[in-house]
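**Q** In order, the protein sequence lines correspond to chains A, B and C. Anchor point for the first sequence: position 58 equals 57 in numbering that gives the first Met the number 0, and the numbering is continuous, going up by one each time. Anchor point for the second sequence: position 157 equals 156 in numbering that gives the first Met the number 0, and the numbering is continuous, going up by one each time. Anchor point for the third sequence: position 59 equals 58 in numbering that gives the first Met the number 0, and the numbering is continuous, going up by one each time. Even glycine gets a Cβ: it sits at the ideal position worked out from N, Cα and C.
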Amino acid sequence: MKDRLKNLDLITAFLWLLRAAIILVVAWGTFKTLLSNPYTSRNWLDFIIFGIAQGSMYALIAIGYTLVYGVLKMINFAHGEFFMSGIFTATSALAIPLAASGFMDQHPLLSLLAIGLLSMLISVGIALLTERIAYRPLRHAPRLMPLITAIGASFFWQYYFRGLFGSQVRPFPTVAALQGSIPFLNTTVLKTHVLVVVVTVLALVALNFFITKTRAGMAIRSVSENKDVAALMGINVDRAISMTFATGATMAGLAGLLYALVYGQVHFFMGFIPGIKAFTAAVLGGIGNIPGAAVGGLLLGLFESVGPSLFLQGLGIPAFNQLKDVIAFTMLVLVLIFRPQGIMGERLAEKKA
Amino acid sequence: MDNLTSSGWRQALLQGFVAGLITVSASTIGMVELFGTRYFLAGLFTMGQLLLFAPPAVLAFSLAGKIKSQGISIVTVKAAAIGAISGAMLALLVWANQTFPLRTVLINLSPKLMGLLTFDRSLAEGALILIGVSVATAVFGALLQFVPRLYRQALLSAIITTLGVGLLAPLLFERIRNFFGQSVAQLVFTSSALQVVPAIIIFAASAALFYFRGKAALNSKPKAEQKLNPRQKMLRQIPLAIFLLILPMLLGSYLTEITNNVGIFLLMGLGLNIVVGLAGLLDLGYVAFFAIGAYTMAVLTSTGPLGVAQMSFWAALPICVAVSALAGVLLGTPVLRMRGDYLAIVTLGFGEIIRILALSDLLKPFIGGAQGILQIPKPSIAGITLISPEQLYYVILGGALLAAFISNRLRESRVGRTWIAMREDEDVAEAMGINLVRTKLLAFAIGAGFSGLAGAIFSPKLTSIFPHSFNLLISINILSLIIVGGLGSIPGTIVGALVLVGLPELLREFAEFRWLMYGLLLVVMMLNRPEGFIPSDVIRRELHSGDEHRAEV
Amino acid sequence: MPIILKATDIKKTFGGLVAVNGLSIEIPRNSISAVIGPNGAGKTTFFNCITGFYKVDSGEVLFDGEYIQNRRTDQISRIGISRTYQNIRLFNSTTAIENVLVGLEPRLETSVLDSVLRTRRFHEEEKSSVEEARGLLEFVGLKGLGDQLSSNLSYGAQRRLEIARALASKPKLLLLDEPTAGMNPNETAEMTRFILDLRDKLGITILLIEHDMRVVMGISDQITVLDYGSKIAEGGPKDIQNDVRVIEAYLGRGAASGLKDAKAN
């Protein structure tokens with residue numbers, strides 16, 4: 000024991016100190032907030048509901064990160080742009096004309112379906128194009144190269160779509176049928192939030208079916224287990240990888256629609272922050288793990304919506320809501336430092352991460 | 000053989016389609032129209048037209064290189080097909096825009112663009128010209144492959160030189176006017192483009208020059224590299240030193256200001272080059288140290304309400320560097336056990352956290368939030384305040400030289416060896432007795448120190464700083480410039496900074512597409528030239544040995 | 000004979016998989032010892048535990064009078080354990096001599112400041128290290144190949160270079176992980192002689208993992224046989240060759256009993 004203590008290296012000690020400090024700060028802030036109790040239980044419930052809706056979107060986007068990481072062991076930095084490209088196009092080219100012509104108000108469901116489909120289609124198209132041109136040739140290159148390419152692709156697509164549809168924020172038309180809220184427990188829930196949660200659940204169920212029950216899904220899974228063995232078993236690895244990107248982009252395209260419904264606007268830079276947050280969600284849940292991505296998304300959404308009021312306020316931070324994004328980034332940093340395998344990830348072989 | 004040619008045709012059609020996609024995209028996102036305002040050749044040829052006709056020419060050139068053996072006639076026909084498809088797709092775009100109200104969605108499909116694409120004629124006539132020129136350039140590109148190598152290289156170099164002179168025409172015009180007077184300048188340039196006759200002369204002269212240089216290089220036998228003693232080495236540096244010293248006088252205020260920006264980025268590039276290029280630690284939050292250096296300088300020297308010490312620039316400078324280096328160690332410590340892509344994302348997270356904190360009300364009492372810190376005094380030497388860009392140039396030059404010197408010395412010593420060993424194989428390096436903690440932290444600290452130095456100079460240069468100057472794009476910019484120059488290579492970093500910082504500053508009117516080009520450049524470099532334009536020996540070797548490996552297997 | 004390395008009851012598990020299970024082993028100073036066993040027996044894991052690449056779950060490793068089970072890899076290397084790898088791991092983008100120079104690294108003393116200022120100390124040290132590295136290259140038979148890229152060397156030369164790099168830190172104990180893997184009989188014989196030289200000329204204790212039984216039986220003073228992470232036999236070449244448990248481990252139970260029957264008959 001004494002020997003162990005003697006050899007306890009500085010870095011480990013530093014990391015433990017960091018851990019303790021963060022837990023202390025969060026606990027202290029929470030304690031102070033709860034003491035002064037500025038919110039009613041209804042407020043808290045509202046925070047939680049918003050967190051779940053927000054988290055659902057993160058979960059859908061996170062699927063793409065996790066699937067691609069599972070198959071290629073690469074962080075697809077451009078995934079946020081797949082998300083942006085779909086809904087930015089669908090809003091500019093379809094939603095706004097539909098709303099202007101009045102078709103949207105007459106057939107809201109049909110319109111939303113069409114917009115969602117276009118969004119997914121464009122996302123998938125951009126994803127496949129990016130994979131084919133920018134990622135595939137680098138599949139056996141050192142690991143940093145595809146990451147750098149992905150960063151490049153991300154910036155390229157951002158400014159490409161900016162060129163196509165302009166740099167200004169485009170409002171997503173309001174859908175009359177989705178205005179207002181419905182009562183729930185002792186509060187009310189926005190209809191859009193209900194829709195977000197329902198659509199996410201349906202999408203996750205469909206995804207689960209696709210991954211576990213269809214041939215394509217099984218090909219994806221076997222390629223993510225072991226590319227060489229999968230190839231030996233007659234699986235077209237290239238196609239399976241394309242399928243992986245397409246699946247992730249489908250979810251991202253759908254998340255785009257939900258984002259537009261909740262926030263009511265789209266723009267070319269909208270993919271960046273949700274992208275990083277969804278990546279955080281994927282890591283939080285254990286990257287490579289599909290249910291993990293869903294759980295991670297939900298958790299991150301909750302943290303973000305509850306966190307500022309729960310502990311930042313208690314710390315007496317002025318305008319604490321400015322620091323909402325800091326919570327997400329801090330979680331990203333902390334998870335990667337302290338538990339890179341995530342909460343649901345299997346323990347990776349030592350020193351692998 | 001049949002099979003080969005048919006697949007050759009498919010390839011030609013595909014290349015044509017790709018060329019069309021590129022030109023149509025460039026038109027749709029507004030590049031062609033914007034670039035169309037800038038003439039290479041006065042009244043004749045714009046940068047927009049280069050965008051329209053270079054892609055088929057380049058693709059035809061590269062395809063022709065692969066299928067040269069099929070003979071000149073087949074290659075010509077295929078190149079023509081590439082040009083025709085590309086031109087036809089553009090014509091289709093014009094037609095579609097005339098038939099459907101595309102502009103309500105795609106905002107850049109302006110009447111002006113349509114005019115550019117059809118050469119201000121009717122659709123049918125315009126389409127014919129478009130396809131015709133496109134075919135001609137593609138065929139020209141393909142036929143270049145059949146020109147003997149020496150002539151081809153001279154021709155290509157001459158084309159690039161002439162285009163380069165055309166591109167920089169406004170600047171050259173201004174400089175020449177300054178030194179030799181309006182009339183001399185107007186002989187060569189209009190105020191914004193190259194005149195036709197001088198262009199031909201420049202083309203011919205550079206073609207001849209490159210031809211004879213190529214020929215001379217071919218004839219002379221490769222000389223064994225002679226060892227120079229230190230004194231000879233020093234002597235060789237003298238012209239360069241003189242050039243650097245008188246540079247501001249040659250450039251004038253505006254260009255010196257741009258050079259100063261290049262210098263600041265060069266400083267950061269040299270630092271990141273140590274972290275990423277040598278030690279192999281991909282840091283995407285590198286801008287944080289720039290910010291820390293800049294804010295430290297601001298807080299220490301500002302004469303405004305947020306200044307705490309009103310120190311002089313020179314007294315504060317070492318403190319800024321030390322604080323940044325310390326920050327490098329502090330932010331580096333938690334990520335010591337992290338590798339590759341995870342490290343990249345965590346550092347990106349750090350960078351964003353610091354930016355948001357700088358913007359927030361939390362730190363506003365100290366660093367001013369979004370309003371930033373104002374009234375940062377300029378440095379002064381012996382009672383002279385360095386106000387003009389020409390004066391500040393020397394401060395930046397000093398910083399950059401110091402950083403380059405230190406980088407170079409470290410690289411060529413045991414420190415550099417351990418960094419490279421660590422980059423190559425961390426586990427083995429550790430098993431060979433290398434202390435990874437020390438080695439990594441040293442890289443982080445020196446990298447951060449350089450960046451902090453850049454920030455400390457940046458602050459008084461602008462006299463006021465705001466959090467918006469320190470966003471992720473800066474990190475990406477620096478990463479791009481060291482990758483384009485060549486990871487691990489100091490000359491590469493210099494060239495990267497000149498091209499990726501200097502050029503965009505000179506072409507400010509195209510700023511809208513700066514990041515698009517950066518993104519594209521990163522992808523293209525990784526795919527085609529991952530070692531960069533001026534690779535360090537080490538990286539070039541690494542990539543080439545990989546090739547040989549693959550070839551063996 | 001004095002003991003240089005003594006591992007006591009070390010255990011290492013990965014998730015549910017027990018890779019090394021309560022292994023105790025003693026390596027006499029100045030000996031050539033071998034660890035053998037079927038694939039997956041935990042031999043390389045055992046190496047990784049000694050060199051600190053893995054932290055052992057329990058047990059102690061005593062090296063030259065110091066407990067090292069909680070030390071970092073680089074500290075262990077500095078006190079005298081060096082190694083090579085089963086699948087050669089050189090710094091591929093650098094030259095042969097640069098590889099060896101990295102091996103010398105822990106013994107160098109100049110500081111970063113010396114490197115920047117190019118002090119006299121720096122020049123002296125650099126000169127002597129290069130000389131020493133050249134000497135090592137010559138010793139392993141790579142004279143004149145110092146400026147070659149390590150990845151361009153032949154397979155056998157790469158193995159030797161890896162050993163030269165390991166020797167640069169002046170180890171007391173050298174761990175060789177399958178030094179003759181992938182070699183033809185000639186190269187193998189040469190490598191065998193070379194390993195004997197290492198011990199006899201440089202006085203380094205050798206611990207090796209090897210599959211080629213002729214090599215093992217030919218040069219080892221002591222052989223330890225692992226199976227499923229446990230020691231199943233230990234002794235000189237003669238003892239091991241006749242050990243029933245070893246034959247069982249390698250060939251399966253049936254074969255062992257068959258052999259026994261054959262012997263009985």
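1. Could you check what DSSP says for residue 298 of chain A in three-state terms: helix, strand or coil?
2. Could you give the first and the last residue of the continuous alpha helix (DSSP H) run that contains residue 490 of chain B?
3. Can you list, in chain order, the residues of its chain whose CB lies under 8 Å from that of residue 182 of chain C, leaving out five sequence neighbours each side?
4. Using the C-alpha atoms, what's the distance from residue 21 of chain A back to residue 590 of chain B?
5. Compare the C-beta of residue 193 of chain B against all C-beta atoms of chain A and say whether one is closer than 8 Å.
6. Which residues in the same chain have their Cβ closer than 8 Å to the Cβ of residue 476 of chain B, if we skip the five residues on either side of it in sequence?
7. I'd like to know if residue 158 of chain C contacts chain B, where contact means its C-beta is closer than 8 Å to some C-beta of that chain.
8. For chain C, find out if any of its Cβ atoms is closer than 8 Å to the Cβ of residue 428 of chain B; answer yes or no.
9. Classify residue 5 of chain C as helix, strand or coil using the three-state DSSP reduction.
10. Near residue 29 of chain C, what residues of its chain come up, given a Cβ to Cβ distance below 7 Å and the 5 sequence neighbours on each side ignored?
11. Please determine if the stretch 227 to 238 of chain B and the stretch 357 to 367 of chain B are in contact, where contact requires at least 3 C-beta pairs separated by less than 8 Å.
12. On the three-state DSSP scale, how would you describe residue 247 of chain C?
13. Whole angstroms is fine: what's the gap from residue 198 of chain B's alpha carbon to residue 46 of chain B's?
14. By Cβ distance below 6 Å, which residues in the same chain neighbour residue 319 of chain B in space, the five residues on each side in sequence not counted?
15. Can residue 188 of chain B and residue 181 of chain B be called in contact, C-beta distance under 8 Å?
16. Do three or more CB pairs link the stretch 77 to 84 of chain A to the stretch 148 to 163 of chain A at distances below 8 Å?
17. By Cβ distance, which residues of its chain are closer than 7 Å to residue 303 of chain A, with the 5 residues on each side in sequence left out?
18. Between C/109, C/72 and C/39, which has its C-alpha nearest residue 55 of chain C's C-alpha?
19. Please report how far the alpha carbon of residue 21 of chain C lies from the alpha carbon of residue 11 of chain C, in whole angstroms.
20. Is any beta-carbon of chain B found at less than 8 Å from that of residue 114 of chain C?
21. Can you tell me which of C/219, C/232 and C/91 puts its alpha carbon nearest to the alpha carbon of residue 416 of chain B?
22. At least one CB of chain B closer than 8 Å to the CB of residue 144 of chain A: is that the case?
23. Using a Cβ-Cβ cut-off of less than 9 Å, list which residues of the stretch 409 to 428 of chain B approach chain C; keep chain order.
24. Kindly indicate if chain B contains any beta-carbon less than 8 Å away from that of residue 235 of chain C.
25. What residue range does the beta strand (DSSP E) around residue 226 of chain C cover?
26. What's the gap between the Cα of residue 241 of chain C and the Cα of residue 234 of chain C?
27. Quick check on residue 6 of chain C - is its C-beta less than 8 Å from some C-beta in chain B?
28. For my contact list, residue 532 of chain B and residue 487 of chain B are in at a C-beta cut-off of 8 Å; report their separation, rounded to the angstrom.
29. In the DSSP assignment, what are the bridge partners of residue 265 of chain A?
30. Kindly give me the distance between the Cβ atoms of residue 243 of chain C and residue 224 of chain C, rounded to whole angstroms, as I take these residues to be in contact under 8 Å.
31. Please classify residue 16 of chain C as buried or exposed, where buried requires at least 16 other C-beta atoms within 10 Å of its C-beta.
32. Measure the C-alpha to C-alpha separation of residue 164 of chain C and residue 384 of chain B and round it to an integer number of angstroms.
33. So which residues of chain B does residue 304 of chain A contact, with C-beta pairs closer than 8 Å?
34. In chain order, what residues of the same chain lie with their CB nearer than 6 Å to the CB of residue 264 of chain C, ignoring the 5 residues before and after it?
35. Nearest-angstrom Cα distance between residue 89 of chain B and residue 326 of chain B?
36. With DSSP as the reference, please indicate the residues paired to residue 378 of chain B in a beta bridge.
**A** If we stick to the structure as given:
1. Taking the first sequence and counting its residues from 1, one reaches residue 298 of chain A at position 299. Annotated three-state conformation of residue 298 of chain A is helix, per DSSP.
2. What you label residue 490 of chain B is simply residue 491 of the second sequence in a count that begins at 1. That run of the alpha helix (DSSP H) goes 489 to 496.
3. Counted from its first residue, the third sequence places residue 182 of chain C at position 183. Only residues of its own chain outside the window of five on either side were considered, and among them 154, 155, 158 and 190 have a CB closer than 8 Å to the CB of residue 182 of chain C, listed in chain order.
4. Not covered by the structure: residue 590 of chain B. The range shown for chain B is 0 to 552.
5. The sequence position of residue 193 of chain B within the second sequence is 194, counting from 1. No, residue 193 of chain B does not count as interfacial toward chain A.
6. Start at 1 with the first residue of the second sequence, and residue 476 of chain B comes out as number 477. Once the five neighbours on either side are set aside, the close Cβ partners of residue 476 of chain B are 264, 499, 500 and 517.
7. One-based indexing of the third sequence puts residue 158 of chain C at position 159. Chain B, which has no Cβ nearer than 8 Å to the Cβ of residue 158 of chain C, makes this no.
8. Working through the second sequence from its first residue, we reach residue 428 of chain B at position 429. For residue 428 of chain B, the answer is yes, since a Cβ of chain C falls inside 8 Å of its Cβ.
9. The count along the third sequence starts at 1 and reaches residue 5 of chain C at position 6. In the three-state reduction of the DSSP assignment, residue 5 of chain C falls in the strand class, which pools E and B.
10. Within the third sequence, the letter at position 30 stands for residue 29 of chain C. The answer, listed in chain order, is 198, 202 and 204.
11. no
12. Here residue 247 of chain C corresponds to residue number 248 of the third sequence, with the count starting at 1. Residue state, collapsed to three classes: helix.
13. Taking the first residue of the second sequence as position 1, residue 198 of chain B is located at position 199. Taking the first residue of the second sequence as position 1, residue 46 of chain B is located at position 47. About 15 Å.
14. Looking up residue 319 of chain B in the second sequence gives position 320. Taken in chain order, the residues that qualify are 292, 295, 296, 451 and 455.
15. Numbered from its first residue, the second sequence carries residue 188 of chain B at position 189. Numbered from its first residue, the second sequence carries residue 181 of chain B at position 182. Cβ distance not < 8 Å, so residue 188 of chain B and residue 181 of chain B don't count as in contact.
16. Put simply, the stretch 77 to 84 of chain A touches the stretch 148 to 163 of chain A. At least three CB pairs are less than 8 Å apart.
17. Position 304 of the first sequence holds residue 303 of chain A. Within the same chain, residue 303 of chain A has close Cβ partners 50, 53, 323, 326 and 327.
18. Numbered from its first residue, the third sequence carries residue 55 of chain C at position 56. When each option's Cα is compared against that of residue 55 of chain C, the closest is C/72.
19. Here residue 21 of chain C refers to the residue found at position 22 of the third sequence. Here residue 11 of chain C refers to the residue found at position 12 of the third sequence. The alpha-carbon atoms of residue 21 of chain C and residue 11 of chain C are separated by roughly 8 Å.
20. Locating residue 114 of chain C in the third sequence gives position 115, counting from the first residue. Yes, contact with chain B.
21. Sequence index remark: in the second sequence, residue 416 of chain B carries index 417 (1-based). Taking only the C-alpha atoms, the option nearest residue 416 of chain B is C/91.
22. The sequence position of residue 144 of chain A within the first sequence is 145, counting from 1. Yes, residue 144 of chain A lies at the interface with chain B (some Cβ there is under 8 Å from its Cβ).
23. 409, 411, 412, 413, 414, 415, 416, 417, 419, 420, 422, 423, 424, 426, 427 and 428
24. Within the third sequence, numbered from 1, the residue matching residue 235 of chain C stands at position 236. Output row for residue 235 of chain C: interface = no.
25. The count along the third sequence starts at 1 and reaches residue 226 of chain C at position 227. Start and end: 221 to 226.
26. Residue numbering aside, residue 241 of chain C sits at position 242 when the third sequence is read from its first letter. Residue numbering aside, residue 234 of chain C sits at position 235 when the third sequence is read from its first letter. Spanning the two alpha carbons is a distance of roughly 11 Å.
27. Along the third sequence, one-based indexing puts residue 6 of chain C at 7. Chain B contact via Cβ: absent.
28. Sequence index remark: in the second sequence, residue 532 of chain B carries index 533 (1-based). Sequence index remark: in the second sequence, residue 487 of chain B carries index 488 (1-based). At roughly 13 Å, the Cβ-Cβ gap does not stay under 8 Å, so residue 532 of chain B and residue 487 of chain B are not in contact.
29. Sequence index remark: in the first sequence, residue 265 of chain A carries index 266 (1-based). A/169.
30. Locating residue 243 of chain C in the third sequence gives position 244, where the first residue counts as 1. Locating residue 224 of chain C in the third sequence gives position 225, where the first residue counts as 1. With a Cβ gap of about 12 Å, residue 243 of chain C and residue 224 of chain C do not count as contacting.
31. Reading the third sequence from its first residue, position 17 is the one you call residue 16 of chain C. Counting Cβ neighbours within 10 Å, residue 16 of chain C comes out exposed, since fewer than 16 surround it.
32. For this step, residue 164 of chain C is matched to residue 165 along the third sequence. For this step, residue 384 of chain B is matched to residue 385 along the second sequence. About 55 Å.
33. Here residue 304 of chain A is taken as the residue at index 305 of the first sequence, counted from 1. Ordered by position in chain B, no residue passes the 8 Å Cβ test against residue 304 of chain A, which lies about 17 Å from the chain.
34. Reading the third sequence from its first residue, position 265 is the one you call residue 264 of chain C. Per-residue confidence for residue 264 of chain C stands at a pLDDT of 45, beneath the threshold of 50, marking its modelled position as unreliable; no derived number is given.
35. By one-based count along the second sequence, residue 89 of chain B stands at place 90. By one-based count along the second sequence, residue 326 of chain B stands at place 327. C-alpha separation (whole angstroms): 53 Å.
36. By one-based count along the second sequence, residue 378 of chain B stands at place 379. None, per the DSSP bridge assignment.
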